[in-house]
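When you line the first sequence up against the working numbering, it's residues 342 to 1194, in that order.
All C-beta atoms in this analysis are idealised placements derived from N, C-alpha and C, irrespective of residue type, glycine included.
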Amino acid sequence: MTRGSESGTLSTRPNDERYDPQRVEMKWYERWQQDASLYAAEPDSTKKKYYVLEMLPYPSGALHMGHVRNYAIGDALARYMWMNGYNVLHPMGWDSFGLPAENAAIQNNTPPRQWTLNNIANMKAQMKRLGFAYDWMREVTTCLPDYYRWNQWFFLKLFEQGLAYRKKSKVNWCPSCATVLANEQVVNGCCWRHEDTVVEQRELEQWFVRTTKYADELLRDLDELDGWPEKVRTMQRNWIGRSEGTLVDFKLDYGENHKGYGPGGSTIKVFTTRVDTIFGATSVQLAPEHPIVKDLATADPDLRAKVDQLISEQRKARETGDIGEIEKHGVFTGRYATNPFNSESIPVWVANYILMDYGTGAIMSVPAHDERDYEFAKKYNLEIRLVILPISTDLEETVAEPLLPYVGHDGMLINSGRYTGSECADAIKAMSAYAEENKFGKATVTYRLKDWGISRQRYWGTPIPMLYCEKDGIVAVPEKDLPVILPENVDITLTGGSPLGRVPEFVNATCPKCGGPARRETDTMDTFVDSSWYFYRYTDAHNDRAPFDGKTAQYWFPIDQYIGGVEHAILHLIYSRFWTKFMRDLGMITNDEPVERLFTQGMVIKDGAKMSKSLGNVVSPDEMVARYGADAARLNSLFAAPPDRDLDWQDSGVEGIQRFLGRVYRFIVRNASTANSAAPPTELPPQARSIQRKLHQTIKRVSDDFQGRWHFNTCVSAIMELVNTLYGAEEAIAQKLIPASFLAEVQRDLVLLLAPFAPYLAHELWEMLGEKGNLLKAAWPKYDAELAKEEELEIPVQVNGKLRSRIVVSADATEETVVARALADEKTRAAIAGKQIVKKIYVPGKLLNIVVK
RNA sequence: GCCGGGAUGGCGAAACUGGCAGACGCAGCGGACUUAAAAUCCGCAGGGCCGAAAGGCCUGUGGGGGUUCGAUUCCCCCUCCCGGCACCA
């Protein structure tokens, strides 16, 4: 393909009307390169601010079409807001810590830092070539010390507040590498580098952030985020998973060979949302990993073998995602526990369907009123005791025994001692209160959301600024000693232990308290820490005394519009919301939420499938830019589908877009010379009037979409229609039937409308029209409803709902006129001939329906 | 299993509040320009039937039912596709 060079030679011919995107785009690219402050923004109290942000990319090496789409949307919005007089902040940065850099280092023998910075340089160049209007002076690169030192600073604050703590937690361990693996490095339960080595679970002390402290607020504030997609809010609600219930203590009975209780204690704490069914509990079920199970198994080798079996089975099912589908089964421990409500001794079982990491890892099993318990009880012939009768409006049904299991909440208790006769909701309250009074339980709230484990046993991340001193224990690195620099030249290709642990200069430190020797923490932070607050750093990117200045952040925040992929709907956006609340409580900021409006764009797919190297359907932005130009690549990603839907990329579509851009270019090349700056006459001839009408309709459609549904595909269609109208008027233009001053105005507005979507071409044409000022500072065209109004309308005439004719009437025609005209219309008359008119329905300006019989 | 989103010409899609289904674009066909091609410009185009033609009739938005003068749009039932969650007690 040599389209570029071919047309490049042609373009040297004078008066050439062929649009050569490479020539035009390179000209502006050079100019834009020369002014680093072109898109700079500073707080300005005289202007309304607008903070538009696209999610920062991981510098994987090159942009993909998904990035292009994401940034094309954000860039269009930023440019539109600029043209509407806003003080726009539109920054970009790099989420540049993380595992791929280490993988690349292992595969290509390039240090992670070098690999990452090379990728950033390449992707930044791609972004510039695509013409995205970022304020590069605020660029944030998370893997550099001037950024990650503030991660460390925040960690110290979390630690001070008791929001960072250490706890034992499981990690994936590869015995062959003798190192920890990330979840994505575990393939089919084996190590990614040693396909025949089964990954083990090991318990390590790790750092956690107490996100659960804000669980309730994170959930509650979702109701206020009405600028967010409902889908994302629902996903976050489910993720937080608030559940109201009751904790009840079941005392473990003494066994026959009782030798005292183990570390697990003598009380089985059970969490239930249905304490009202507790008289129907016929067993207690424990998670295989429950501490009491461990105690019981110690004295019972047979039980121990069975429990180990359950544990490994659960783990496997969890890895393959089959958990939830495996058949329920379990084993009786031989022991009993007492139901505190009726003092009944019921058997204690261990079951594979009980999860240690939800609730208390133990349940009371009520087979009559829980599907899972029912299934389990059926299998092992456990007693199924009905304690709730459904209340139905149908009196006969109330008496009838329900189909088991009955899990409804509209019920009345039976066989439940003093609670018999209560309704479920009342019983739950009364029974929880009774448990609390008698100190064997209480009403409580459980969350699915867990504290955030941020330790990573990896090299390429922010070092956790903590020390271990033999004398003073865990000691924080003093603020003045930050940053703890991540050492370079670390050979991460070696196996065995944590990479930082092999660097003596890093590990060996001095205790700030006693001055004695201390060992440095060798874990690094999860990269979600970096992305949880980076958008605040953009507001004050070069501050070396604080993460950012509070006043400056207050000017820009919250982010007015955040745009990115839905894959970040949960983790990134929950952690970001948490971080904002934490910083607010530190007094650093005043906003409760970081993001006012969120937009999640659809994926870019090709041939119906996600683009991937293995499928060979990857479209490279570089190739698109080389073949069609940046404007065409961007415009096509806006035109081919509405932004919230998946986009099936088709190269033929870009060709069409390129044709369209050429059409705009040629029209203006041909007609720009006739332009002049005189005000157009107030009375326009009919041909000009119809162009004017179309123009104002187009301005309205494009402006409305920016403010409303963001269907940029229809914006582009509207502009295409306007251009088609102009081509249709070329003869009239040639015959000088269109006033030159009016034609100039139309061309000017056309270029302005195009500017958010195709900035290169728009700038070129702006100059061609003789405009000297910066296009971004030019005012967005205003539409005039009067001028957009049609003078004549074509009214469809239906007879009994079927289209029979169309009549043309003036726009201000009354209903009587329309009906009269319709009845005079030959086709309409034919359709109603011989029938009686029952009713006439006229929708003003839209349609007339005549009902006959 | 639960929660979202979706299904409209050969293809991407449009129809925003119940009012002309298919705007705009791609691919296609025809014409103009050209020695020819490319590029460009103009025109046609859901499907079926009738007609030499102009035109006319029927039908059509995943399937079935309903509400309505009128349904791609609202209600009920069903099928398929995509995404998320999933033994959450």
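With which residues is residue i paired in a DSSP beta bridge?
i, result
"Phe673", "Trp690"
"Arg543", "Val512"
"Val1192", "Lys1180"
"Gln448", "For Gln448, which the question treats as bridged, DSSP gives no partner whatsoever."
"Cys532", "Val527"
"Asp590", "Lys610"
"Pro824", "DSSP, once it has assigned bridges, lists no residue as partnering Pro824."
"Gln626", "Trp690 and Ile704"
"Pro804", "Thr865"
"Trp456", "Trp456 is not bridged to any residue."
"Tyr809", "Ile815 and Arg860"
"Glu585", "Val786"
"Asn428", "Lys390"
"Thr618", "DSSP lists no partner for Thr618."
"Gly439", "Bridge partners of Gly439: none, in fact."
"Phe549", "Tyr506 and Gly794"
In this structure, how does DSSP classify residue i when only helix, strand and coil are distinguished?
i, result
"Ser796", "strand"
"Trp1121", "coil"
"Arg1042", "helix"
"Trp580", "helix"
"Gln1076", "coil"
"Glu565", "helix"
"Ser706", "strand"
"Met866", "strand"
"Arg359", "coil"
"Ala505", "strand"
"Tyr475", "coil"
"Thr679", "strand"
"Leu736", "The predicted model places Leu736 with a pLDDT of 49, which falls under 50 and marks its position as unreliable, so this point remains unresolved."
"Glu666", "coil"
"Ala381", "coil"
"Trp990", "coil"
Near residue i, which residues of its chain fall below 7 Å by C-beta distance, leaving aside the five closest residues on each side in sequence?
i, result
"Val429", "Ala382, Tyr391, Val393, Ala419, Met422 and Trp423"
"Ala1129", "Arg1034, His1037, Gln1038 and Lys1041"
"Ala474", "Tyr380, Asp416, Ala419, Arg420 and His431"
"Ser470", "Checking the sequence, you will find Arg at residue 470 rather than Ser. Here the set comprises Tyr370, Val966 and Ala971."
"Leu563", "Arg574, Gln577 and Arg578"
"Ser401", "Pro441 and Asn460"
"Gly439", "Tyr399, Trp801 and Thr868"
Who are the near neighbours of residue i in its chain, counting only those whose CB is closer than 8 Å to its CB and skipping five residues on each side?
i, result
"Arg1004", "Val1064 and Tyr1068"
"Leu736", "Since pLDDT at Leu736 reaches only 49, below the 50 mark, its modelled position is unreliable, and the value read off the structure follows with that caveat. Excluding residues within five positions, none has a Cβ falling inside 8 Å."
"Met697", "Ala628, Pro629, Glu630 and His631"
"Glu478", "What sits at residue 478 in the sequence shown is Met, not Glu. So the list reads Ala377, Ser378, Ala381 and Ala882, once near-sequence residues are dropped."
Assuming residue i is part of the beta strand (DSSP E), what are its boundary residues?
i, result
"Gly339", "For residue 339 there is no data in the structure shown, the boundaries of the chain being 342 and 1194."
"Ile729", "Ile729 to Pro731"
"Gly782", "Gly782 to Thr787"
"Gly752", "Gly752 to Leu754"
"Val945", "Val945 to Lys947"
"Val844", "That residue, Val844, is in no beta strand (DSSP E); it is neither H nor E in DSSP."
"Val521", "Thr520 to Leu522"
Along the chain, where does the alpha helix (DSSP H) containing residue i start, and where does it finish?
i, result
"Glu371", "Pro362 to Gln374"
"Cys765", "Cys765 to Glu778"
"Glu395", "Premise fails: Glu395 lies in the beta strand (DSSP E), Lys390 to Glu395, not in any alpha helix (DSSP H)."
"Val1057", "Phe1053 to Gly1069"
"Thr639", "Pro632 to Thr639"
"Met965", "Pro962 to Tyr969"
"His1104", "Pro1100 to Met1109"
"Gln1129", "This sequence places Ala at residue 1129; Gln is not what is there. Run containing Ala1129: Ala1126 to Ala1129, per the alpha helix (DSSP H) assignment."
To which residues of the same chain is residue i closer than 6 Å at the C-beta, ignoring the five residues directly before and after it?
i, result
"Val1010", "Glu358"
"Glu1052", "Checking the sequence, you will find His at residue 1052 rather than Glu. Here the set comprises Pro983 and Asp1046."
"Trp1121", "Met424 and Asn425"
Exercise for review: Taking only runs that begin and end inside the region 879-943, name each unbroken beta strand (DSSP E) of 3 or more residues, in chain order.
Suggested key: 902-906 and 939-942
Review point. What are the uninterrupted segments assigned as beta strand (DSSP E) that are 3 or more residues long and contained completely in the region 1133-1185, given in chain order?
Key: 1133-1140, 1143-1151 and 1178-1184
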